[in-house]
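Written out below as structure tokens is the structure these notes cover.
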Amino acid sequence: MTSVAIVTGASSGIGAATARRLAADGFHVLAAARRADRLAELVESITAAGGQATAAVCDVTSDDSVAELAERAGTLAGPVALLVNNAGGARGLDPIESGDVADWQWMYDVNVLGTLRVTRALLPALESSGAGTVVMVSSTAGLIVYEGGGGYAAAKHAQTALTETLRLELCGRPVRVIEIDPGMVKTDEFGLVRFDGDAERAAAVYAGVAEPLVAEDVADCIAWCATRPQHVNVDRLVVRPLAQAAQHKVHRVSDPAATG
């Protein structure tokens, strides 16, 4: 029987790439996000490629919406074996002295409380499967801070704390907990959301970086971790592009086109 994998934030970027990859690996993917039109396109592309996918419009900041997601998962044939908590994001790059409280509130609600809501709602099904897996897509910002990133780093540090605590609390039960921490990943929307639609500021983050990670790279990491034998728990996988040695150490070239 085909196992069900739930992916939040599936309408774009890492979430969409993960949904495609997991479907290719044989999961029936329940793709969850707010934008119904994007989800419909994703599901159509997966089914056209021979995979199985179902769309579920879901806002992780809403208790009722997350409850509906859990109900929808229960209607699908097959055990709910995998949850990928990918929904999240950053807003702003302001120093703390001028930080926007609304931006910080949004980041905490989506990255931390959204993860809590979805995980809490799906844990019974994951445990009932007998071999459940929770993947938390966090960030290297959850491991180290940087100027201007106080709000995002605080939220991602909290998500990491949630992940580590959950692993302790589930010890002895048939659900493993995996954390994926990407560094620089160039996607269509992350930077635009962070800089309120300012494409120039979003592009500047990757200026001169010959090969930042792309969504498919992170999806590959998620799929690899999630498809190890069930007794193998990859506690944390940190993945960065070769050009990024650390959060503050990035190799940039003056003419990116000259590299390839």
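Each residue of the sequence shown is one higher than the one before, starting from 688 at the first, in the numbering used here. Where is the CB? At the ideal position from N, CA and C, for every residue including glycine.
Taking the Cα of THR695 as reference, the smallest distance to any Cα among GLY835, LEU770, PRO766, TRP911 is reached at LEU770. A Cβ-Cβ distance of about 14 Å is found for the pair LEU756 and ALA723, leaving them out of contact under the 8 Å criterion.
Taking a C-beta distance under 7 Å as the contact criterion, ILE867 and ILE909 qualify as a contact pair. For ASP868, the enclosing beta strand (DSSP E) begins and ends at 862-869. Under the 8 Å Cβ criterion, the region 778-791 does not count as touching the region 734-748, having fewer than three qualifying pairs.
In this structure, VAL716 places its C-beta atom within 7 Å of the C-beta atom of ALA706. Scanning its chain for C-beta atoms nearer than 6 Å, with the 5 sequence neighbours on each side dropped, one finds around VAL744 the residues ALA723, in chain order. CYS858 and GLY884 have their C-alpha atoms roughly 43 Å apart.
With respect to the C-alpha of VAL822, the residue from PRO928, ASN920, SER690, ALA933 having the closest C-alpha is ASN920. LEU709 sits buried, since 16 or more C-beta atoms from the chains shown fall within 10 Å of its C-beta. Counting only runs of at least 3 residues, the region 748-805 fully encloses the following beta strand (DSSP E) elements, listed from N- to C-terminal order: 767-772.
Going by C-alpha positions, PRO899 is about 39 Å away from THR762. For LYS936, the secondary structure class from DSSP, reduced to helix, strand or coil, is strand. Shown here for GLY819: same chain residues with a beta carbon closer than 7 Å to its own, the five before and five after excluded, namely ALA768, LEU813, PRO861, VAL862 in chain order. The C-alpha of VAL940 is placed about 45 Å away from the C-alpha of LEU809.
About 6 Å separates the beta carbon of GLN846 from that of THR802, a gap short enough to meet the 8 Å contact definition. By the 16-neighbour rule on beta-carbons within 10 angstroms, SER825 is buried.
Rounded to the nearest angstrom, the gap between the Cα atoms of ILE865 and SER699 is 22 Å. Between the C-alpha atoms of ALA902 and CYS912 there is a straight-line separation of about 16 Å. Per DSSP, the continuous alpha helix (DSSP H) segment holding THR734 begins and ends at 723-735. Here ARG778 is buried, its C-beta having at least 16 other C-beta atoms within 10 Å. At the C-beta level, GLY765 and THR689 come within 7 Å of one another. Per DSSP, the unbroken beta strand (DSSP E) holding THR695 starts and ends at 691-695.
The continuous stretches of alpha helix (DSSP H) do not include LEU929, and DSSP gives it neither H nor E.
Listed as beta-bridge partners of VAL822 by DSSP are VAL771, ILE865. In chain order, THR827, ARG927, GLN931 place their CB closer than 6 Å to the CB of GLY870, counting only its own chain and leaving out the 5 sequence neighbours on each side. Assignment of LEU857 by DSSP, reduced to helix, strand and coil, places it in the coil class.
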